[in-house]
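Working notes for the structure below.
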Amino acid sequence: MNAPIIDPLQGDFPEVIEEFLEHGVMKCIAFNRRGTLLAAGCSDGSCVIWDFETRGIAKELKDKDCVSAITSVCWSKYGHQILVSAADRSLTLWDVLKGEKINRITLQQTPLQARLHPGSSSPSLCLACPLSSAPMIVDLKTGSTTLLPVCISDTDTASSRGKVLDGTQPFTPTAACFNKYGDLVYVGNSKGEILVIDYERVRIEAMVPISGGAVVKNIVFSRNGLYLLTNSNDRTIRIYENLLPNKDGLKFIDDITKELDELDGAEKLKAVGTKCLTLFREFQDSITRMHWKAPCFSGDGEWVVGGSASKGEHKIYIWDRAGYLVKILEGPKEALIDLSWHPVHPIVVSVSLTGLIYIWAKDYTENWSAFAPDFKELEENEEYVEREDEFDLNPETEKVKELDVNEDEEVDIVNVEKDSAFSDSDASQDELCFLPAIPCPDIVEQHNKCVEISSKMIDDDNSGSPLSEEAAVNGRTTNHASSPLEVLDNPDDAGGTRAKRRRKPSEKGLELQAEKMPKEVS
């Protein structure tokens, strides 16, 4: 991104916490394609959809069969469906607008992450990464699963499936993701390798070794599909440039494979891998050598963001794509468990261990000065050398040039220009950007309770009036219910029908009462 031409009013990366969202204990988040809705999975098995414009809850998806914590949420391409994976090994596909379940299947292992196929508006396939199994392609309609190979010697899916069923030693959880249009799957394994897999033929097409051979914990593509990010166990975030075309990448790989017929086995896969990915940048904290949590790209792919995995701190690091650290965002003393960058605006949303969602935004500085359009405001004094002819009067050059505008040209106010950030949108598809507001009816019991409490508080206020004092002098005392804000004075009354709670008088109040007592006696 060209820094000199950035609009200072818009900004390019967030700086401060603007707001926080609270609803139960939230664990994971995901924006829809336009960034107008934010889905959050909770620890009680529900999925809350926030309207990000109003910061209010638009819908809550709750499955009575699921009470376990949500591990991941994923939107479909046009926002009509949401895939939710939970700790009870379930995958649930929801209709967002109706709030109804479409399909629900149960796997043999707990899915840590699940992603819908990005190339379809109503996908039936998803990519699931279980806890102790290889990544798998899941058909949500039939419930059938296809295990993907995670190393070169594991290309036979039948044998790999047998290993899982036989109960042999499980391997490290493996990260995987679709490419932009979903014709290839990129897998990062425990040997420090990136495998390019054709999931339809269940075959490894290419392999890219990672320096150091550390376990790959996260792997994700940029929004435009031009860059691939990996987060390894060696505390390093790596950016790879995607050399394959976004569309028909599999056909391109087949052409490369035919040209390398003289090679065989792993050497051939590595040779094809050099034509698929090339290392672009590496990011790490060379001083603290910390692990990273939930790294991802910004919406335009110009920035890379990663959260600190250290316990007890909520730090977010932002780099530009050239490799320079541009900002460190420091939040509350709570561990960070998930984060996401807004698809369009310079906003980062993070989830803390306590279940709160923090919204980081640009710190806008208001400037109400009114200057001429060609006036330049200076931060400090500058020496200015005027031109020799700067104040010469030349009537011919002082004439204002007429603007070359065709006033007869018709202005198109019907057609909408395509946004480059959504260049792959299909105009024929109706995209779900907002949810209709549904008013919640008042609960009668809560309403009656509120009326009862308010009436009691009014009675308490009236107890200090002259009428109540006169009644006390005449011996007619009334038993008023006390306010719930008062402190319990007599513990013996706790077993009664209603515990009386009184406020402890202050020291100043005791002094005033002591001064009044002799006067009353006299």
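Using the numbering used here, the first residue of the sequence shown is number 559, and each one after it goes up by one. The beta carbon of each residue, even a glycine, is placed where N, CA and C say it ideally should be. Being a predicted model, the structure only gives us computed values, none of them experimental.
Status (buried if at least 16 other CB within 10 Å, exposed otherwise) for residue i
i: residue 759; result: exposed
i: residue 931; result: exposed
i: residue 775; result: buried
i: residue 607; result: buried
i: residue 763; result: buried
i: residue 949; result: exposed
i: residue 574; result: exposed
i: residue 585; result: buried
i: residue 639; result: buried
i: residue 929; result: exposed
i: residue 836; result: exposed
i: residue 1056; result: No answer about residue 1056 holds up, because its pLDDT of 35 lies below 50 and its placement is not dependable.
i: residue 780; result: buried
i: residue 997; result: exposed
i: residue 1027; result: Only weak support is given to the placement of residue 1027: the predicted model assigns it a pLDDT of 42, under 50, and the value that follows is read from those uncertain coordinates. Label assigned to residue 1027: exposed.
i: residue 747; result: buried
i: residue 945; result: exposed
i: residue 570; result: buried
i: residue 936; result: exposed
i: residue 591; result: buried
i: residue 691; result: buried
i: residue 857; result: buried
Selection from the options that minimises the alpha carbon distance to residue i
i: residue 831; options: 820, 798, 839 and 855; result: 798
i: residue 634; options: 688, 970, 777 and 679; result: 679
i: residue 587; options: 623, 575 and 641; result: 641
i: residue 687; options: 652, 704 and 733; result: 733
i: residue 824; options: 592, 901 and 710; result: 710
i: residue 693; options: 652, 659, 754 and 677; result: 754
i: residue 827; options: 590, 794, 767 and 861; result: 767
i: residue 620; options: 597, 707, 935 and 902; result: 597
i: residue 829; options: 842, 815, 840 and 838; result: 815
i: residue 904; options: 859, 888 and 934; result: 859
i: residue 870; options: 901, 833, 912 and 936; result: 912
i: residue 1084; options: 812, 684 and 919; result: Within the shown structure, residues of the chain are numbered from 559 to 1080, placing residue 1084 beyond reach of any answer.
i: residue 576; options: 963, 902, 968 and 887; result: 887
i: residue 761; options: 941, 708 and 872; result: 708
i: residue 842; options: 865, 951 and 617; result: 865
i: residue 624; options: 614, 1073, 651 and 617; result: 651
Cβ-heavy atom distance, residue i to the ligand FMN, below 7 Å
i: residue 704; result: With respect to the ligand FMN, the structure shown offers nothing to examine, as it has no ligands at all.
Cross-strand partners of residue i (DSSP beta bridge)
i: residue 861; result: 878
i: residue 696; result: 684 and 703
i: residue 767; result: 751
i: residue 643; result: 630 and 649
i: residue 756; result: 761
i: residue 850; result: 866
i: residue 619; result: 605
i: residue 785; result: 799
i: residue 669; result: 688
CB contact flag (residue i, residue j, <8 Å)
i: residue 583; j: residue 605; result: no
i: residue 663; j: residue 701; result: yes
i: residue 804; j: residue 891; result: no
i: residue 578; j: residue 915; result: yes
i: residue 893; j: residue 908; result: no
i: residue 594; j: residue 991; result: yes
i: residue 863; j: residue 882; result: no
i: residue 793; j: residue 847; result: yes
i: residue 740; j: residue 677; result: yes
i: residue 649; j: residue 696; result: yes
i: residue 572; j: residue 877; result: no
i: residue 867; j: residue 896; result: no
i: residue 510; j: residue 861; result: Residue 510 lies beyond the stretch modelled for the chain, which goes from 559 to 1080, so this question has no answer here.
i: residue 682; j: residue 698; result: yes
i: residue 802; j: residue 745; result: no
Residue i at chain B interface by Cβ criterion, 8 Å
i: residue 818; result: Of the chains in the structure shown, none is chain B; there is only one protein chain.
Original post:
Should the region 624–631 be called in touch with the region 664–676, which here means at least 3 C-beta pairs below 8 Å?
Top reply: yes
Subject >> Cβ contact check for the region 808–818 and the region 784–800: 3 or more pairs under 8 Å >> reply: no
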